[in-house]
Every structure is written in structure tokens, then in C-alpha cells.
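Residue numbers (my numbering): 461 to 730.
Step one of this worksheet: look at the structure below.
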Amino acid sequence: MADRAPVPVASAHRRIRARFAKAPSLFLVLDFDGTLVPIVERPELARPSEETIVALTSLTRTPGIRVAVISGRGLEDLRGLLPVQELALAGLHGLETWPPIGRPSGRIDVHRLRADLDRLVLALKDKLGSAEGPRIEDKRHAIAFHFRGIPRAAAARMRTALQAAFRETAERSSLVLVPGKEVLEARIAGVEKGSCARAMQEKIAPGSLAVVLGDDVTDEDLFVAFAKNGITVVVGKPKKTSGRYEIERQEEVTPWLREVEAMWRETHPG
Ligand SMILES: [Mg+2]
Numbered sequence: 461m462a463d464r465a466p467v468p469v470a471s472a473h474r475r476i477r478a479r480f481a482k483a484p485s486l487f488l489v490l491d492f493d494g495t496l497v498p499i500v501e502r503p504e505l506a507r508p509s510e511e512t513i514v515a516l517t518s519l520t521r522t523p524g525i526r527v528a529v530i531s532g533r534g535l536e537d538l539r540g541l542l543p544v545q546e547l548a549l550a551g552l553h554g555l556e557t558w559p560p561i562g563r564p565s566g567r568i569d570v571h572r573l574r575a576d577l578d579r580l581v582l583a584l585k586d587k588l589g590s591a592e593g594p595r596i597e598d599k600r601h602a603i604a605f606h607f608r609g610i611p612r613a614a615a616a617r618m619r620t621a622l623q624a625a626f627r628e629t630a631e632r633s634s635l636v637l638v639p640g641k642e643v644l645e646a647r648i649a650g651v652e653k654g655s656c657a658r659a660m661q662e663k664i665a666p667g668s669l670a671v672v673l674g675d676d677v678t679d680e681d682l683f684v685a686f687a688k689n690g691i692t693v694v695v696g697k698p699k700k701t702s703g704r705y706e707i708e709r710q711e712e713v714t715p716w717l718r719e720v721e722a723m724w725r726e727t728h729p730g
């Protein structure tokens with residue numbers, strides 16, 4: 461983690477613009493929940509605003525800019541939520557991508573992965589008995605266990621049960637249990653947003669300057685991957701982050717995306 465606090469994008473306007481001016485092209489990498497849409501109690505109800513869709517559409521139509529959204533959601537889910545042509549998408553933290561990036565994900569044994577996930581859920585149900593459990597979101601190649609809205613003490617008991625179930629089944633499985641905002645997600649080891657976004661950049665925007673926005677633990681992989689040659693922006697006020705810049709409130713993201721387009725057009729006229 462970086463040992464210095466991130467700088468608000470507003471106070472870094474000139475510095476960022478200067479980097480834009482030197483860049484041949486831009487690769488914008490955006491997380492979805494908590495970045496393009498506010499965090500809501502029920503993620504299935506989250507929808508990007510019209511304003512956000514318009515801003516994204518405009519960016520994808522700007523010469524020299526490529527835009528990718530990379531999320532823990534499944535690819536199909538993202539597609540439905542983001543009716544924007546020319547948008548590159550990565551689902552399940554990079555396990556599924558559009559366009560395909562020819563990564564080793566082809567080697568992933570999805571049958572084994574599914575069996576490991578099923579075994580974990582059974583072990584959790586076994587631990588909980590008749591007690592209530594976290595809300596289970598099955599993403600086919602990953603399972604999210606949601607604790608949002610559950611009273612603190614009950615949520616703590618459920619987390620302990622889940623971690624115990626994971627330890628019991630982990631030895632024979634390909635899974636990792638990854639924390640997020642009031643969620644623990646079981647997914648295949650070795651897939652993370654950072655390496656996925658780098659592979660996407662190579663494929664669809666080689667030589668570009670990357671601008672990366674995210675708000676959660678899994679986005680830290682992105683910030684690390686682009687620390688040296690990208691502009692990394694954390695949304696919200698995390699205690700620890702490797703993000704170099706920050707946008708304090710999610711509502712400020714879309715206005716800043718419009719500013720990104722404006723800065724790009726100013727520094728690359730014609
Ligand atoms: Mg997020």
C-alpha cells in the first residue's frame with residue numbers, strides 16, 4: 461500500500477492534463493458497483509444513471525479513447541446493465557472478458573470449479589444448520605456471500621461459519637475467499653482485475669495511458685498493476701489504498717469522466 465494519502469483529482473487537474481498531453485491514446489478502466497453506480501442494499505437493483513450512460517457513450521466515441529468496465533459481476537449481467545456499444549467488459553474480476561483476450565482462462569477447469577463452489581455452499585449450510593445464512597449470489601463461476609443489511613452480530617457469526625466451511629473444503633479446492641464491502645466472494649485462485657486489465661490494454665489499447673477507477677479491495681490489484689504507468693483513482697475514502705488520486709464521493713465520478721473527455725479533446729484536437 462502507498463504510504464501517502466491519495467490526492468483529490470480536482471487538485472491534480474494540471475498534472476493529469478499534462479500526462480494526457482503526452483499520451484498517444486487513453487485506456488479508461490472502470491469498476492462498476494461503488495464506482496459507476498452507488499452501493500445499494502440489493503445489488504440486483506443497481507442501475508447506472510442516464511447521465512452515466514451518456515458520459516460513457518460519449519467517451520467510447522472519442523477518438524483515441526478505449527473504455528473497459530471490469531467488475532465482480534458476471535459478463536452477461538454487465539452487458540444488460542451497460543447498453544453502450546464499443547465498451548470492453550470484464551466479468552467475475554477478469555475470468556470472462558469481451559472482447560476475448562486469449563488469456564489462460566481457457567485452461568480453467570470449470571467443472572471442477574463448479575464442484576468446489578457447490579461443496580463450499582453445502583459445508584456452509586451444514587455449519588449453519590437451521591440458522592439463517594448470508595444472502596448467496598450464485599454467479600456460476602463464483603459465489604458471493606452478502607452480509608449487507610444483516611445485523612452485525614448475526615453477520616459476524618455467519619462470516620465465522622463461512623470461513624470455517626472454506627477452511628474445511630479449501631484443501632481440495634481451487635478457490636480463494638476474497639473480501640469486499642460487506643461481502644465475501646469465493647472464486648478461482650489466480651484471477652484478479654490487475655492482470656486482466658493489463659492483458660486487455662495490450663489487446664485493445666496498446667501503448668495507451670491507463671486511467672483506472674475503483675472503490676473496493678479487489679480494485680487495489682488494479683492500482684498496483686498500473687501504479688508505475690497509469691493514473692489510479694480511488695473512489696471513496698478507504699483507510700488504506702494504493703490509489704494515487706481520489707474522488708471522494710461516487711456521485712462525483714460521472715462529472716469527472718466528462719472532464720476526462722474534455723481534457724483529452726483539448727490536448728488532442730482534430
Ligand atoms: Mg466496486
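C-beta atoms are modelled at their ideal positions from N, C-alpha and C, and glycine is treated no differently.
Any heavy atom of ligand 1 inside 7 Å of the beta-carbon of residue i?
i    : result
G674 : yes
T495 : yes
D491 : yes
Per DSSP, residue i is paired with what?
i    : result
F607 : None; F607 has no bridge partner.
R556 : The amino acid occupying residue 556 in the given sequence is Glu; Arg does not appear at that position. In DSSP, E556 forms a bridge with G551.
I707 : V695
L573 : Per DSSP, none; premise fails for L573.
G690 : A670
L516 : DSSP, once it has assigned bridges, lists no residue as partnering L516.
L486 : I525, L669
Going along the chain, which residues of its own chain have a beta-carbon closer than 6 Å to the beta-carbon of residue i, five neighbours each way excluded?
i    : result
V720 : none
F487 : R526, Q661, A665, S668, A670
M723 : R477, F480
R595 : H606
G640 : D676, V677
Using C-beta distances below 8 Å, list every residue in its chain close to residue i, excluding the 5 sequence neighbours before and after it, in chain order.
i    : result
P468 : Y705, E706, I707, E708
D569 : S634
Is it true that the CB of residue j sits closer than 8 Å to the CB of residue i?
i    : j    : result
V672 : T692 : yes
V638 : R632 : no
L577 : A621 : no
G551 : T678 : no
K653 : L682 : yes
V581 : I561 : no
G534 : K599 : yes
Is any heavy atom in ligand 3 found nearer than 7 Å to the beta carbon of residue i?
i    : result
A615 : Looking at this structure, you won't find ligand 3 anywhere; what it does contain is ligand 1.
CB-CB under 7 Å to residue i, same chain, minus the five flanking residues each way: which ones, in chain order?
i    : result
P508 : L496, V497, L541, L542
A515 : T714, L717, R718
G703 : P466, F683, T692, V693, V694
Measure from the C-beta of residue i to each C-beta in chain C and report whether the shortest distance is under 8 Å.
i    : result
D537 : In summary, chain C is missing from the structure at hand, where a single protein chain is found.
Next item on the list: Determine, using beta-carbon pairs with one atom in the stretch 485 to 497 and one in the stretch 533 to 542, whether at least three such pairs fall under 8 Å.
Entry: For the pair of segments examined, the stretch 485 to 497 was found to touch the stretch 533 to 542: the number of CB pairs separated by less than 8 Å reaches three.
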